[in-house]
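One structure is given below, encoded as structure tokens.
Residue numbers (the UniProt record's numbering), protein chains in the order written: chain A, 1 to 240; chain B, 1 to 240; chain C, 1 to 240; chain D, 1 to 240.
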């Protein structure tokens with residue numbers, strides 16, 4: 001399984017707090033976590049690379065794409081967002097992290113505003129497993145905690161998840177659907193909430209395990225080689 | 001719409017705290033709440049009445065049944081539980097409240113253990129609306145609070161809800177799927193979490209509105225007159 | 001409830017078969033069917049009208065939009081498709097008919113290719129009700145037939161429906177998910193398969209009843225006045 | 001993965017047509033099919049064996065149970081049906097075949113009547129894949145045919161499937177949801193329609209592949225060692 005971790009990679013260049021936590025970039029920390037969990041074909045891609053990190057060839061060679069973006073969603077070209085969505089429908093897995101909820105790619109695949117309520121004060125988040133037998137929860141305890149995280153609150157404006165795996169409890173008073181699985185076309189999409197850039201979330205062992213689980217769950221079972229199109233079927237199978 | 005509010009009605013007889021809060025019984029408070037919200041054919045039924053309050057005739061004349069039980073689930077006869085489940089599949093609505101999650105009726109309709117984690121210390125519960133356009137959330141603010149409630153925690157061992165309306169946040173650290181809608185046979189089932197007997201939950205105006213909304217949402221669109229059975233279809237509609 | 005029936009209205013101008021069947025346009029026949037079924041604020045809109053029939057004002061005054069399009073999906077402006085999708089997420093109901101499965105509006109809301117297999121030879125279609133208690137099936141018999149229709153076959157590349165109401169059987173050998181309900185944002189979307197322009201489908205009494213049921217089911221419960229946006233929540237509800 | 005194939009095994013003893021087709025029993029043919037598809041810990045169990053083939057020990061050593069029953073559902077003890085359902089909720093996979101739709105086990109897990117319409121005349125059934133990327137459809141062509149099968153028609157009185165994989169088209173005019181996946185407790189349940197005893201369905205290579213896929217899909221990710229129970233959680237995680 002070939003995994004590409006895409007990161008906006010801007011906060012790390014402009015904010016010393018972020019670069020202090022993630023000297024190799026958020027993508028670097030996520031990639032390390034995947035490697036630690038036994039995945040071995042991990043590469044990274046970032047917004048400021050040529051073709052925004054994801055050429056057609058690169059995308060065609062990706063089985064599961066992990067996406068982290070935040071402030072610069074608008075800079076991702078419409079063409080790239082369309083190409084990623086098309087590749088997901090063709091069968092590529094997609095794991096959308098944290099502020100990626102508002103990326104062009106995720107919004108296009110969901111068809112809804114994908115908005116929510118937020119507060120980035122750094123408060124305790126406790127994640128509860130609601131479906132312990134779900135592959136994304138494999139090896140995860142009944143709950144786990146992040147000492148300081150951004151809060152995301154409901155209503156989260158996404159379609160009803162096909163599979164709900166985690167709920168978050170926030171110290172400041174909110175609850176949230178934090179792990180949401182979707183089946184779209186031949187592909188699978190997993191949204192996982194934690195990961196604000198000013199906290200060391202992607203160094204957390206449990207978080208890394210969840211992301212690795214999500215990547216494995218989203219692995220393609222089938223990738224369509226031909227573009228989707230309406231197809232005329234003649235003659236009929238039975239006399240009409 | 002003919003609504004029957006069924007209550008175990010035992011705590012009120014043995015625990016002065018409960019009878020102090022609910023001098024007319026939990027069923028009485030729920031019935032009053034429904035009346036306040038414009039429903040006008042409300043009757044009540046309790047465990048110690050003849051036929052456990054629900055004769056075949058009574059059940060046949062009920063469009064939506066509201067169910068509150070707790071300590072004495074086992075005393076409800078298997079025959080009654082089967083009759084209620086059959087009536088729900090035939091089209092009657094069912095609103096299951098709080099500890100009713102562990103009633104014979106609900107477990108039979110869900111097919112799962114319906115267990116959860118709990119703590120009855122009396123802590124703040126804050127309910128968040130995740131689907132503001134759902135009919136059960138009509139007129140309900142983005143969140144509302146109960147100062148003192150029992151905690152229910154995940155995993156809640158029910159089938160994935162067909163429709164999820166509320167999440168609860170508990171002061172003590174848990175989150176929970178608090179408002180779950182199901183479609184079963186011709187009927188609709190809504191599970192709504194709050195309502196521990198030692199707290200005045202069913203006097204709360206917002207709670208009353210939610211229950212009335214749930215009753216309206218669960219109202220039958222169609223009630224099957226004949227028992228369900230496998231039916232042989234002959235001759236075929238097309239030559240075989 | 002204010003209903004707007006939108007139609008491409010081109011086949012009727014260029015193909016005498018179609019204008020023979022639908023002298024008042026497909027939109028005219030659909031509107032008549034809604035009126036017959038007791039809805040009374042029905043207007044129509046077509047592609048060649050100013051602003052493609054749907055000005056911002058018009059859209060803001062529509063509670064449920066019915067959509068029929070076919071050959072000229074590409075002519076619908078991206079801006080209009082975006083505005084309709086936004087309005088659906090805000091709460092407007094949307095009933096998408098037949099070849100509207102490939103409209104910009106529907107594809108944008110689904111996030112998937114929405115492709116299928118087809119054959120327009122005019123063969124028997126028999127629709128089976130799989131959820132007889134669903135409001136869209138109210139008053140509809142266990143099955144009903146259209147003597148001559150276009151065939152649509154699986155896989156239909158849409159997200160798993162939140163609610164499945166009808167299956168189609170085609171004489172030529174295919175089966176299809178013909179009545180699919182979705183909840184998106186505050187709005188509801190119903191896709192209903194039949195309605196090829198060269199057959200008199202929208203004169204059929206059962207079809208008309210289904211469409212009227214779908215319009216009623218999709219009626220808004222709540223319309224968001226403000227655009228969706230991420231909202232910062234401060235201060236927290238609880239001390240952090 | 002340890003698979004147990006349970007069969008009523010009565011038709012084979014009383015009906016020479018059935019024993020002619022299935023000299024090793026329906027369970028024998030299914031077991032052979034699983035072996036052909038690379039599964040290697042397959043055993044069988046039948047109704048007339050001690051403890052109806054499924055002792056507590058046997059059940060505890062089964063990871064996925066395949067179930068075929070028909071005329072003698074009522075002879076399966078309530079205790080065994082309860083034990084199987086409990087084991088499924090604990091994590092065991094269950095693949096229910098054909099007339100098993102009306103078994104005590106399946107009805108108990110679904111909570112609905114599980115009735116349908118039928119006609120056992122031996123007509124063409126064509127199964128269509130609606131979700132080609134679903135693991136149960138792995139390696140299965142867009143459609144496949146059984147020359148002679150019993151017809152099952154809608155409405156099939158089950159809960160809305162969590163995952164729908166196949167639709168059937170019948171020569172005689174019906175359509176049916178033929179491959180339905182459910183998540184219940186820690187377990188997964190797959191219902192697969194074909195398999196009337198007087199036709200050689202379980203000798204068909206595609207059918208065998210689907211059943212093997214379903215067994216793999218239903219394989220446990222986690223089995224609960226302790227019985228499900230409500231659990232008191234004290235002290236709270238946060239001060240209340």
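The C-beta atom is built at its ideal place from N, Cα and C for all residues, glycine as well.
Computed from a predicted model, the values in this text were never measured in an experiment.
Taking 6 Å as the limit between beta carbons, can you name the residues of its chain near residue i, skipping five residues before and five after?
i	result
residue 5/C	27, 30, 31, 44 and 66
residue 11/A	18 and 197
Would DSSP call residue i helix, strand or coil?
i	result
residue 42/C	strand
residue 230/A	coil
residue 84/A	helix
residue 202/D	helix
residue 77/B	coil
residue 208/D	helix
residue 95/D	strand
residue 175/B	strand
residue 184/B	strand
residue 53/D	helix
residue 10/C	coil
residue 258/D	Since the displayed chain D opens at 1 and closes at 240, residue 258/D lies outside it and no answer follows.
residue 28/A	helix
residue 153/C	strand
residue 197/B	coil
residue 145/A	strand
residue 58/B	helix
residue 236/A	coil
residue 113/D	coil
residue 47/C	coil
residue 101/C	helix
Which residue wins for smallest C-alpha separation from residue i, given the options the options?
i	options	result
residue 84/C	52/C, 72/C, 193/C and 112/C	52/C
residue 168/B	22/B, 179/B, 189/B and 162/B	179/B
residue 210/A	95/A, 147/A and 233/A	95/A
residue 208/D	177/D, 71/D and 146/D	146/D
residue 216/A	181/A, 230/A, 200/A and 100/A	181/A
residue 170/B	77/C, 21/C and 237/C	237/C
residue 212/D	223/D, 232/D, 190/D and 221/D	190/D
residue 159/D	183/B, 176/B, 142/B and 157/B	183/B
residue 204/C	3/C, 16/C, 22/C and 15/C	22/C
residue 185/A	222/A, 163/A, 154/A and 161/A	222/A
residue 199/A	57/A, 124/A and 235/A	124/A
residue 144/B	166/B, 161/B, 162/B and 69/B	166/B
residue 3/C	16/C, 54/C and 15/C	54/C
residue 232/C	80/A, 239/A, 117/A and 141/A	117/A
residue 100/A	69/A, 75/A, 86/A and 88/A	69/A
Under DSSP, the beta strand (DSSP E) around residue i begins and ends at which residues?
i	result
residue 189/B	187-192
residue 4/C	3-7
residue 127/D	117-129
residue 222/D	Looking at the DSSP string, residue 222/D is not in any beta strand (DSSP E), and its letter there is neither H nor E.
residue 164/A	163-170
residue 66/B	64-68
Could you tell me the boundaries of the alpha helix (DSSP H) in which residue i lies?
i	result
residue 110/D	104-110
residue 18/A	16-21
Near residue i, which residues of its chain fall below 7 Å by C-beta distance, leaving aside the five closest residues on each side in sequence?
i	result
residue 219/A	1, 63, 64 and 93
residue 35/A	42
residue 120/C	150 and 196
residue 140/A	129, 206, 209 and 210
Please return the same chain residues whose Cβ sits closer than 8 Å to the Cβ of residue i, not counting the five positions on each side in sequence.
i	result
residue 13/A	19
residue 72/A	8, 10 and 47
residue 82/D	108
Would you say residue i touches the ligand MG, meaning its beta carbon is less than 6 Å from a heavy atom?
i	result
residue 120/C	The ligand MG is absent from the structure shown, which contains no ligands of any kind.
Using a Cβ cut-off of 7 Å, pull out every chain E residue sitting near residue i, in sequence order please.
i	result
residue 222/C	In the displayed structure, chain E is absent; the protein chains listed are A, B, C and D.
Cβ contact (3+ pairs, closer than 8 Å) linking the segment 133-141 of chain A and the segment 108-119 of chain A: no
Stretch-stretch touch, CB-based, cutoff 8 Å, three pairs: the segment 187-194 of chain B with the segment 146-162 of chain B: yes
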